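Number of protein chains: 2
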Amino acid sequence: MKISELSRTTGTPIPTIKYYIREGLLARGTPTATNQADYDESHVQRLRLIRVLREVADLSVATLTQVVAALDHPEARARADHVATALRSLSPEPGPISERSLDSVANLVDRLGWEVDEDCAGYQSLAAALTALEEHWPSPLTLDQLMTYGRIAERLASFEIPEDWNPSESANDALTYAVLGTVLFEPVILSLRRLAHVDRHRRLIADRL
Amino acid sequence: MKISELSRTTGTPIPTIKYYIREGLLARGTPTATNQADYDESHVQRLRLIRVLREVADLSVATLTQVVAALDHPEARARADHVATALRSLSPEPGPISERSLDSVANLVDRLGWEVDEDCAGYQSLAAALTALEEHWPSPLTLDQLMTYGRIAERLASFEIPEDWNPSESANDALTYAVLGTVLFEPVILSLRRLAHVDRHRRLIADRL
DNA sequence: TGAGTATGGATAGCAAAACTATCCACTACG
DNA sequence: CGTAGTGGATAGTTTTGCTATCCATACTCA
Chain A
2 MKISELSRTT
12 GTPIPTIKYY
22 IREGLLARGT
32 PTATNQADYD
42 ESHVQRLRLI
52 RVLREVADLS
62 VATLTQVVAA
72 LDHPEARARA
82 DHVATALRSL
92 SPEPGPISER
102 SLDSVANLVD
112 RLGWEVDEDC
122 AGYQSLAAAL
132 TALEEHWPSP
142 LTLDQLMTYG
152 RIAERLASFE
162 IPEDWNPSES
172 ANDALTYAVL
182 GTVLFEPVIL
192 SLRRLAHVDR
202 HRRLIADRL
Chain B
2 MKISELSRTT
12 GTPIPTIKYY
22 IREGLLARGT
32 PTATNQADYD
42 ESHVQRLRLI
52 RVLREVADLS
62 VATLTQVVAA
72 LDHPEARARA
82 DHVATALRSL
92 SPEPGPISER
102 SLDSVANLVD
112 RLGWEVDEDC
122 AGYQSLAAAL
132 TALEEHWPSP
142 LTLDQLMTYG
152 RIAERLASFE
162 IPEDWNPSES
172 ANDALTYAVL
182 GTVLFEPVIL
192 SLRRLAHVDR
202 HRRLIADRL
């Protein structure tokens, strides 16, 4: 497949494709002559992924570099760790983290019985989020409140990854779907929460009259 | 209070403050001479809010324009609508929306018994999120699955806005807290979900051995 | 076979966003 | 009185994410 066809099937301008190649987001085609290279299905897939992450999830090219590094680097580790690494690559380094928040997270994870690594997806960004909360929100979040959030997250996870879930054939596909699922489902959850808040506000105010 | 003090107490450089004023995010000080103006506590508050929304939530200045418009524009509408408007201003216009997705949202809201406006916070962005899902995720989301998400969102909302919740004294404070709470708590929820996913992956893989 | 278009690779240019710096006429303060 | 600070305007800077141009070569098809 030539670059023009790659461009046509993915709807991405040729200069943009060249740019992604320069930035290392997309592999070079296999060269067939000094100025000729061949692109295949894997390029189409990758390019589609890049476009979704850029346009739907609004990830920066710098973050995408991390993501493709995680995808292309299926080292000899357990499958679960892969997913953790891929997901972690989605959030470009978190803000400042306080000791207190880090303790809270450790405590929470312990009490929930989760076995997660300290540098896995969500761990540091949760600590950063709690630090921001500490700093800018009037009342501190108690461990009990955090536990409630944690159990809701558990409920979400067990609903989203059913008991009979099977990892895809290829590890690469598994990672791709983990990444894609994360960025596609998060907006759904957040929008629903906002909607639920609006409804609850309305309800409580109506009750009061 | 002079601008230098405003700068010192909020840690924002003077040129940046001037920039925010130019952009309409911050009110001008009350002039006391041709080149002298007075800033007060409300300026400090607003500036702090701006910094949190910019640095923690990474909102664009354009979006902030919407937010402050919502905050400064407490028209004669019900309190709940205010909150809905303020929250809506947080998500700068959503991507493409399909008919199907819009129907799904209407259906869902109906079945959940929510009474929310079609142009309130979350409604359009949920439709956009579902459209993206339709387009980029292999299996479509059934209404039952959506309902499950919806009920989890309800649980979240009723936990976060307790029965005895009281709107703050001033409407402006209420809106500010609604906005601030939204951007501060969303990362907590998303991080926890990612953590829960990692744990569940690990668990399922462990079970399989 | 040769005219015209396409290709890969490099380099330069561009537009938006979010500041940042400079300037100027003035004022406030010690 | 003089030095530092101020409000307002205008211009410059940096980063990001593309686009556009160039050139030597190669493919395409009349």
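For the protein sequence lines, the chains are A and B, in the order given. Taken in order, the first sequence gives residues 2 to 210; the numbers are from our numbering. Taken in order, the second sequence gives residues 2 to 210; the numbers are from our numbering. Where a beta carbon is used, it is the ideal one built from N, C-alpha and C, also for glycine. Values in this document were obtained by computation on a predicted structure and should not be read as measured data.
DSSP state of residue i mapped onto helix, strand, coil
i	result
Thr177 (chain A)	helix
Ala63 (chain B)	helix
Pro32 (chain B)	strand
Ala58 (chain A)	coil
Asp200 (chain B)	helix
Asp41 (chain A)	coil
Gly25 (chain B)	coil
Lys3 (chain B)	coil
Asp73 (chain A)	coil
Gly182 (chain B)	helix
Pro14 (chain A)	coil
Ser192 (chain B)	helix
Trp171 (chain B)	The residue you asked about is not Trp; residue 171 (chain B) is Ser in the sequence shown. It is coil, neither helix nor strand.
Closest Cα partner of residue i within the set the options
i	options	result
Val106 (chain B)	A:Trp115, A:Thr10, A:Ala129, A:Leu193	A:Leu193
Thr143 (chain B)	B:Asn108, B:Ile51, B:Ser126	B:Asn108
Val180 (chain A)	A:Val68, A:Ile18, A:Gly12	A:Val68
Asn36 (chain B)	B:Val199, B:Asp111, B:Ile4, B:Gly151	B:Ile4
Met2 (chain A)	A:Arg195, A:Arg47, A:Asp39	A:Asp39
Glu100 (chain B)	B:Ala130, B:Gly114, B:Leu72	B:Ala130
Pro75 (chain A)	A:Arg204, A:Val184, A:Ala172, A:Tyr178	A:Ala172
Thr17 (chain B)	B:Ala154, B:Arg52, B:Pro188	B:Arg52
Ala63 (chain A)	A:Ala28, A:Pro32, A:Tyr21, A:Asp41	A:Tyr21
Glu214 (chain B)	A:Tyr150, A:Arg9, A:Ile162, A:Tyr178	This structure cannot speak to residue 214 (chain B), because chain B is shown only from 2 to 210.
Tyr178 (chain A)	A:Thr132, A:Gly12, A:Arg49	A:Arg49
Ile206 (chain B)	A:Ile162, A:Arg209, A:Leu210	A:Ile162
Partner residues on chain A for residue i, Cβ-Cβ distance less than 9 Å
i	result
Gly25 (chain B)	What Gly25 (chain B) touches in chain A: nothing, since even the nearest Cβ is about 23 Å away.
Contact under 8 Å by Cβ, residue i with residue j
i	j	result
Leu176 (chain B)	His83 (chain B)	yes
Glu135 (chain B)	Ser159 (chain B)	no
Leu26 (chain A)	Thr86 (chain A)	no
Leu113 (chain B)	Met148 (chain B)	yes
Ser126 (chain A)	Pro168 (chain A)	no
His198 (chain A)	Leu88 (chain B)	yes
Val184 (chain A)	Leu91 (chain A)	yes
Glu164 (chain A)	Asp200 (chain B)	no
Chain-ordered neighbours of residue i on chain A, where CB pairs are closer than 8 Å
i	result
Arg194 (chain B)	Gly123, Ala154, Leu157, Ala158, Glu187, Ile190
Gly96 (chain B)	Glu56, Val57
Leu181 (chain B)	His137, Trp138
Proximal chain B residues relative to residue i, where beta-carbon distance stays under 8 Å
i	result
Glu170 (chain A)	Those within 8 Å of Glu170 (chain A) in chain B number zero; the least Cβ separation is about 14 Å.
Ile162 (chain A)	His198, Arg201, His202, Leu205
Contacts of residue i in chain B (Cβ-Cβ under 7 Å)
i	result
Tyr150 (chain A)	Val189, Ile190, Leu193
Glu116 (chain A)	Asp200, Arg203
Chain A residues whose Cβ lies nearer than 7 Å to that of residue i
i	result
Thr10 (chain B)	Those do not exist, as Thr10 (chain B) stays about 15 Å from chain A at its closest Cβ, beyond 7 Å.
Ala133 (chain B)	Val57, Leu185
Ser126 (chain B)	Pro188, Ser192
Leu48 (chain B)	Result: empty, since nearest Cβ-Cβ is about 13 Å, beyond 7 Å.
Interface partners of residue i on chain B, CB under 9 Å
i	result
Ser107 (chain A)	The sequence given here has Ala at residue 107 (chain A), not Ser. What Ala107 (chain A) touches in chain B: nothing, since even the nearest Cβ is about 12 Å away.
Quick check on the DSSP output: what are the complete alpha helix (DSSP H) runs of length 4 or more inside the region 76-152 of chain A, in order along the chain?
Here the runs fully enclosed are 80-89, 100-113, 124-137.
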